[in-house]
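Read in order, the letters of the sequence shown correspond to residues 16 to 252 in the numbering used here. All residues carry an ideal CB built from backbone N, CA and C; glycine is no exception. In what follows, a structure is listed as structure tokens, so that the remarks can point back to it.
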Amino acid sequence: MKIICIGRNYAAHAEELNHLIRGGAEDPAERSRQAGGGAETLPERNRPGCGECSPEPIWFLKPDTALLRNNDPFYIPAFSQEVHYECELVVRIDRVGKSIAERFAHRYYKEVGLGIDFTARDLQRQAAAEGLPWERSKAFDRSAAISPEFVSLQELDGDVQKLHFTLEVNGQTRQTGDTRQMLFTVDRIIAAVSRYMTLRMGDLIYTGTPAGVGPVSPGDNLRAVLEGRELLNFDIR
């Protein structure tokens, strides 16, 4: 199975990511408030920050060894001094497909969950400065937390582009996601990725994170909720 991760799929996060990679630091809760999680949906490339956005989805892969399952604790790796959380809606592929037309992409998934793309931001910043790939900062062991439960879209009124999710750190909301604000819809992502590689049953697509990312520390608790359902709840060590 593959773990396919989409980058810069929310305009406000694309903006904050540029700041983080350039070495800035600010309060993630304040960024999240400024981003306005419930803001009105805007057309693609007309949203704030879209001057930095790609005309096509940006994606990268994590190996299956990156999975962190069953709400197991996340251990901060010794090689990084600045690991960030990035909460994302995750789509699980349930049919084999290649070169899937966008209008048929909805046939290739029926359940969604939540995940956290843990990122060694210091290593990412270094790689970006040197023009190198980001795998060291993104693809390390247990860097992709995944919810034990996936929820049928039928139970969620059927529309993957009308979902809300939140991430709490130590009981405080740090990220608020609204899939209407995605720059690239799930169906467009599937069409774009499947142009280059075959999608197989069980493949996971992490669809991008909203604004509000920030560092984790030992003792933190992370709790992620999708449409009122708690799907993730685990500790940082």
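Measure the C-alpha to C-alpha separation of residue i and residue j and round it to an integer number of angstroms.
| i | j | result |
| --- | --- | --- |
| R157 | G173 | 31 Å |
| A226 | Q190 | 6 Å |
| Q176 | R195 | 5 Å |
| N85 | I161 | 8 Å |
| F4 | D218 | No answer is possible for residue 4: it lies beyond the span of the chain, which begins at 16 and ends at 252. |
| L168 | Y124 | 9 Å |
| F1 | G130 | Outside the displayed span of the chain (16 to 252) sits residue 1, for which this structure offers no information. |
| T134 | K113 | 29 Å |
| D250 | D87 | 8 Å |
| H121 | D202 | 6 Å |
Just grab the DSSP bridge partners of residue i for me.
| i | result |
| --- | --- |
| D132 | A159 |
| K77 | I18 |
| E117 | E117 pairs with nothing; no bridge assigned. |
| N248 | R238 |
| E126 | R107 and S167 |
| V231 | DSSP, once it has assigned bridges, lists no residue as partnering V231. |
Excluding the 5 residues preceding and the 5 following residue i in the sequence, name in chain order all residues of the same chain whose CB lies nearer than 7 Å to its CB.
| i | result |
| --- | --- |
| G53 | Here G53 scores only 37 on pLDDT, less than 50, and its place in the model should not be relied on; the value that follows carries that caveat. Counting only Cβ-Cβ distances below 7 Å, and skipping sequence neighbours, we find D193. |
| Q96 | D137 |
| F6 | The chain is shown only over 16 to 252; residue 6 falls outside these bounds and no answer can be derived. |
| E242 | L171, L178 and H179 |
| E245 | R238 |
Near residue i, which residues of its chain fall below 6 Å by C-beta distance, leaving aside the five closest residues on each side in sequence?
| i | result |
| --- | --- |
| L182 | C102, R189, Q190 and A239 |
| P72 | I21, F199, I204 and A207 |
| P163 | N85 |
| W149 | Q139 and A142 |
| Y211 | none |
| R151 | L138 |
Would you call residue i buried or exposed, if buried means 16 or more other Cβ atoms sit within 10 Å of its Cβ?
| i | result |
| --- | --- |
| Y25 | buried |
| L247 | buried |
| Q139 | buried |
| K77 | buried |
| L104 | buried |
| T213 | exposed |
| V98 | buried |
| T222 | buried |
| P58 | In this predicted model, P58 has a pLDDT of only 39, less than 50, meaning its place in the structure is not dependable; the value taken from the coordinates is given anyway. Result: exposed. |
| V111 | exposed |
| M16 | exposed |
| A159 | buried |
| M197 | buried |
| A144 | exposed |
| D79 | exposed |
| S232 | exposed |
| R23 | buried |
| L82 | buried |
For the ligand NAP, is there any heavy atom lying closer than 7 Å to the beta carbon of residue i?
| i | result |
| --- | --- |
| V184 | No copy of the ligand NAP appears in this structure; indeed no ligand is present at all. |
Return the chain-ordered list of same chain residues with a C-beta closer than 8 Å to the C-beta of residue i, the five sequence neighbours on each side being excluded.
| i | result |
| --- | --- |
| A116 | A206 |
| D235 | V184, N185, D250 and I251 |
* To do: Please specify which runs of the beta strand (DSSP E), each continuous and at least 3 residues long, are wholly inside the region 158 to 216, giving them in chain order.
  => Runs of the beta strand (DSSP E) inside the region 158 to 216: 159 to 161, 179 to 184 and 187 to 193.
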